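Beneath this line is the structure, given in structure tokens, with notes to follow.
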Amino acid sequence: MPGAKNLRVVQMRRIHGGASRQTYSVDIAYEDATGLKTKGVILRRDPADSLIDTERRVEFAAIRTAHGKAGIPAPEALFLETDTGPLGAPFFVMGRIEGGMPLNPFQIDAVEPHRAEVGREFFRHLGAIASLEIDGTPIAEEIETPAPDQCWKRELDYWANEIRTNAREPQPVAEAAIRYLAANPPPPAQKLSLVHGDFRSGNFLHDGQGRINAVLDWEMAHIGDPYEDLAWATDLLWCGNDQERAAGFIPWPDAIAVWQEASGCSFEPAAFEWWSLFAHLKGLGIWITSARAFADGKNDDPILAWSGWFTHAAHELMLASRLAPKFGVKL
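Mapping of the sequence shown onto UniProt numbering: residues 1 to 331, in sequence order.
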């Protein structure tokens, strides 16, 4: 904040709900050449352990890459501190987007009567993220860019390792999925894009009138195949038990049409089938690591215990149901 002086914290409150970062809403006051100013910011601080193990530098770079681009309502990335000295753990600060409310992914009906409008915004922003050119962007400077035909393998290897490292009991369904996905790779990525990594209902704010005014929670962002985001965003866990509408918002043909137009990608059923199966497995990886963190006493947030129980069981059943016919098994 060039020119700011006599800065002080006016108010600070914890925002609960996520477990990958400790999140605080902070009001600050400061003086500059024109007088006294106030500003609302969000502070994201690393916990001792979390739902997922991610690098805050990458999240910060992803927000910088998306902010102000293609109409994506990403917050402004302000400050990054990787030293543990000032606050006991690495953290970053971003601008606070005002006037929005979250949507519980298990209560999508709450967005009525603006479900269709929110759905179109949802898939337009998802496609806009995929449309961004990544060469020379902040995130491309932070992490490696995979080859188009290696995106799937990098993600599968990563989550297979997370499952095998953190599982507290045998995971036969996950292991079957790993074997199947490895033996039946998807087509190479049509393009390499910024992948949000956790774009879904619950990770955006809306204004109550059909407009999404903030896309949040970029901690899993990376460079890869845009189908990874499309599959995760439409995973059955987030659809509110409404399989007729993509992500629980709008009919599938409408959702795919909006996504294609915004992303510049063409829809490939084979690619989507692979990545949608992978999304279930990725979910298992997240829930298994969260349960391990809770059981080991590294993070006592109840959401980790709940994730290791309820959402793990849900994703395991989804995966088993879809894999069974491929292995000639009747459930």
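For each residue, glycine too, the CB sits at the ideal point set by N, CA and C.
Just so you know, these numbers come straight off a predicted model, no measurement behind them.
#### Entry: Burial state of Asn299 (16 or more Cβ within 10 Å)
Locating residue 299 in the sequence shown gives position 299, counting from the first residue. Under this definition Asn299 is a buried residue.
### Task
Give a yes or no on contact between the region 60-76 and the region 231-238, applying the rule of three or more CB pairs nearer than 8 Å.
no
### Query
Does DSSP put Gly240 in a helix, a strand or coil?
On the sequence shown, residue 240 is found 240 positions in, with the first residue counted as 1. Gly240: coil per DSSP, three-state reduction.
### Query
Distance, Cα to Cα, Gly202 vs Asp217?
Locating residue 202 in the sequence shown gives position 202, where the first residue counts as 1. Locating residue 217 in the sequence shown gives position 217, where the first residue counts as 1. Those two C-alpha atoms are separated by around 10 Å.
### Backbone secondary structure at Gly71 - three-state DSSP
For the purposes of this step, residue 71 is identified with residue 71 of the sequence shown, where counting begins at 1. Gly71 falls in the coil class under three-state DSSP.
#### Entry: Collapsed DSSP secondary structure at Cys78 in the structure displayed
On the sequence shown, residue 78 is found 78 positions in, with the first residue counted as 1. Sequence inspection shows Leu at residue 78; the Cys mentioned does not correspond to that position. Strand, per DSSP.
### Query
Thinking C-beta only, is Met1 closer than 8 Å to Tyr30?
To locate residue 30, count along the sequence shown from 1; it is residue 30. To locate residue 1, count along the sequence shown from 1; it is residue 1. Contact annotation: Tyr30 and Met1 have beta-carbon atoms nearer than 8 Å.
#### Entry: Cβ pair count under 8 Å reaching 3, the region 125-144 against the region 261-273
A contact exists between the region 125-144 and the region 261-273.
### Query
Just reading off the beta strand (DSSP E) that Ala29 is part of, what are its end residues?
Against the sequence shown, residue 29 aligns to sequence position 29. Counting along the chain, the beta strand (DSSP E) containing Ala29 begins and ends at Gln22 to Asp32.
### Message
Beta-carbon within less than 7 Å of His196's beta-carbon, same chain only, minus the 5 sequence neighbours each way: which residues are those?
### Response
Sequence index remark: in the sequence shown, residue 196 carries index 196 (1-based). Result list for His196: Ile129, Trp218, Ala221 and Asp229, in chain order.
### Query
Going by the CB atoms, is the gap between Ala177 and residue 332 shorter than 8 Å?
The shown model of the chain, from 1 to 331, leaves out residue 332, and the question about it has no answer.
### Message
Using only CA atoms, which one of Leu36, Ala293, Gly208 and Tyr158 lies nearest to Gly3?
### Response
Here residue 3 refers to the residue found at position 3 of the sequence shown. Of the candidates Leu36, Ala293, Gly208 and Tyr158, the one whose C-alpha sits nearest the C-alpha of Gly3 is Leu36.
### Query
Taking the alpha-carbon positions, what's the Tyr227 to Thr165 distance?
The sequence position of residue 227 within the sequence shown is 227, counting from 1. The sequence position of residue 165 within the sequence shown is 165, counting from 1. In a straight line, the C-alpha of Tyr227 is about 26 Å away from that of Thr165.
### Query
Under 8 Å, do Gly285 and Glu175 count as touching if we go by C-beta distance?
Translated into positions along the sequence shown, residue 285 becomes position 285. Translated into positions along the sequence shown, residue 175 becomes position 175. Contact: no.
### Task
Identify every residue that forms a DSSP beta bridge with Gln107.
Locating residue 107 in the sequence shown gives position 107, counting from the first residue. The partner list for Gln107 (beta bridge, DSSP) is empty, contrary to what the question assumes.
### Query
Apart from the five residues on each side of it in sequence, which residues of its chain come closer than 6 Å, Cβ to Cβ, to Asp53?
Indexing the sequence shown from 1 puts residue 53 at position 53. In this predicted model, Asp53 has a pLDDT of only 48, less than 50, meaning its place in the structure is not dependable; the value taken from the coordinates is given anyway. Cβ neighbours of Asp53 beyond the five flanking positions: none.
### Local Cβ density within 10 Å of Leu252, reported as buried at 16 or more and exposed below that
Within the sequence shown, numbered from 1, the residue matching residue 252 stands at position 252. In the sequence as displayed, the identity of residue 252 is Trp instead of Leu. Answer is exposed; the Cβ neighbour count stays below 16.
### Query
In three-state DSSP terms, what is Gly283?
By 1-based counting over the sequence shown, the position of residue 283 is 283. It is helical.
### Query
Counting along the chain, where does the beta strand (DSSP E) carrying Ile212 start and finish?
Numbered from 1 along the sequence shown, position 212 holds the residue referred to as residue 212. Segment Ile212 to Val215, the beta strand (DSSP E) holding Ile212.
### Query
Are Tyr180 and Lys326 close, meaning C-beta to C-beta below 8 Å?
Reading the sequence shown from its first residue, position 180 is the one you call residue 180. Reading the sequence shown from its first residue, position 326 is the one you call residue 326. Yes.
### Message
Looking at residue 345: is its Cβ nearer than 8 Å to the Cβ of Gly224?
### Response
Because the chain spans 1 through 331 in this model, residue 345 falls outside it and cannot be assessed.
### Query
Touch check for the region 88-95 and the region 36-47: three-plus C-beta pairs under 8 Å?
yes
### Query
Mind checking whether Pro113 and Thr65 have CB atoms under 8 Å apart?
Residue numbering aside, residue 113 sits at position 113 when the sequence shown is read from its first letter. Residue numbering aside, residue 65 sits at position 65 when the sequence shown is read from its first letter. Their beta carbons are not under 8 Å apart, which means Pro113 does not touch Thr65 by this criterion.
### Task
Could you give the DSSP three-state label for Pro185: helix, strand or coil?
Working through the sequence shown from its first residue, we reach residue 185 at position 185. In this structure, Pro185 counts as coil in the three-state DSSP scheme.
### Query
When the Cα of Ala33 is compared with those of Val58, Gly40 and Asn6, which residue comes out closest?
If you number the sequence shown from 1, residue 33 lands on position 33. Comparing Cα-Cα distances from Ala33 to each of Val58, Gly40 and Asn6, the minimum goes to Asn6.
### Message
Taking the alpha carbon of Gly119 as the reference point, which residue from Ala271, Arg211, Leu323 and Leu304 has its own alpha carbon closest?
### Response
The sequence position of residue 119 within the sequence shown is 119, counting from 1. It is Arg211 whose Cα lies nearest to the Cα of Gly119.
#### Entry: Alpha carbon of Phe79 to alpha carbon of Pro302, nearest angstrom
Looking up residue 79 in the sequence shown gives position 79. Looking up residue 302 in the sequence shown gives position 302. When rounded, the distance between both Cα atoms is 29 Å.
### Query
Cα separation between Arg56 and Gln260?
Taking the sequence shown and counting its residues from 1, one reaches residue 56 at position 56. Taking the sequence shown and counting its residues from 1, one reaches residue 260 at position 260. Computed Cα separation, rounded: 30 Å.
### Query
Which class does Arg164 belong to by DSSP, given the choice of helix, strand or coil?
On the sequence shown, position 164 is the one that residue 164 refers to. In the three-state DSSP reduction, Arg164 falls in the helix class (H, G or I).
### Task
Less than 8 Å between the CB atoms is what I'm expecting for Trp152 and Trp309, so what's the real figure, rounded?
Locating residue 152 in the sequence shown gives position 152, counting from the first residue. Locating residue 309 in the sequence shown gives position 309, counting from the first residue. Not confirmed; about 29 Å, so no contact.
#### Entry: 7 Å CB neighbourhood of Gly100 in its chain, flanking five on each side removed
Residue mapping note: residue 100 aligns to position 100 of the sequence shown, counting from 1. So the list reads Leu205, His206, Asp207, Asn213 and Ala214, once near-sequence residues are dropped.
### Message
For Glu98, tell me which candidate among Pro86, Gly40, Ala77 and His67 has the shortest Cα-Cα distance.
### Response
As a working mapping, residue 98 is identified with position 98 in the sequence shown. Nearest of Pro86, Gly40, Ala77 and His67 to Glu98, Cα basis: Gly40.
### Task
Could you check how far apart the C-beta atoms of His280 and His312 are, in whole angstroms? I think they sit under 8 Å.
Here the question's residue 280 lines up with position 280 in the sequence shown. Here the question's residue 312 lines up with position 312 in the sequence shown. In fact, because the Cβ distance is near 11 Å, the residues do not count as touching under 8 Å.
### Rounded C-alpha distance that separates Phe106 from Arg200
Start at 1 with the first residue of the sequence shown, and residue 106 comes out as number 106. Start at 1 with the first residue of the sequence shown, and residue 200 comes out as number 200. About 11 Å.
#### Entry: Val329 versus Gly95 - alpha carbon distance
On the sequence shown, position 329 is the one that residue 329 refers to. On the sequence shown, position 95 is the one that residue 95 refers to. Their Cα atoms are separated by approximately 51 Å.
### Query
Quick one, which of Gln243, Phe60, Asp296 and Gly85 has its alpha-carbon nearest Arg21's?
Counting from 1 along the sequence shown, the entry for residue 21 is found at position 21. For Arg21, the nearest C-alpha among the options comes from Phe60.
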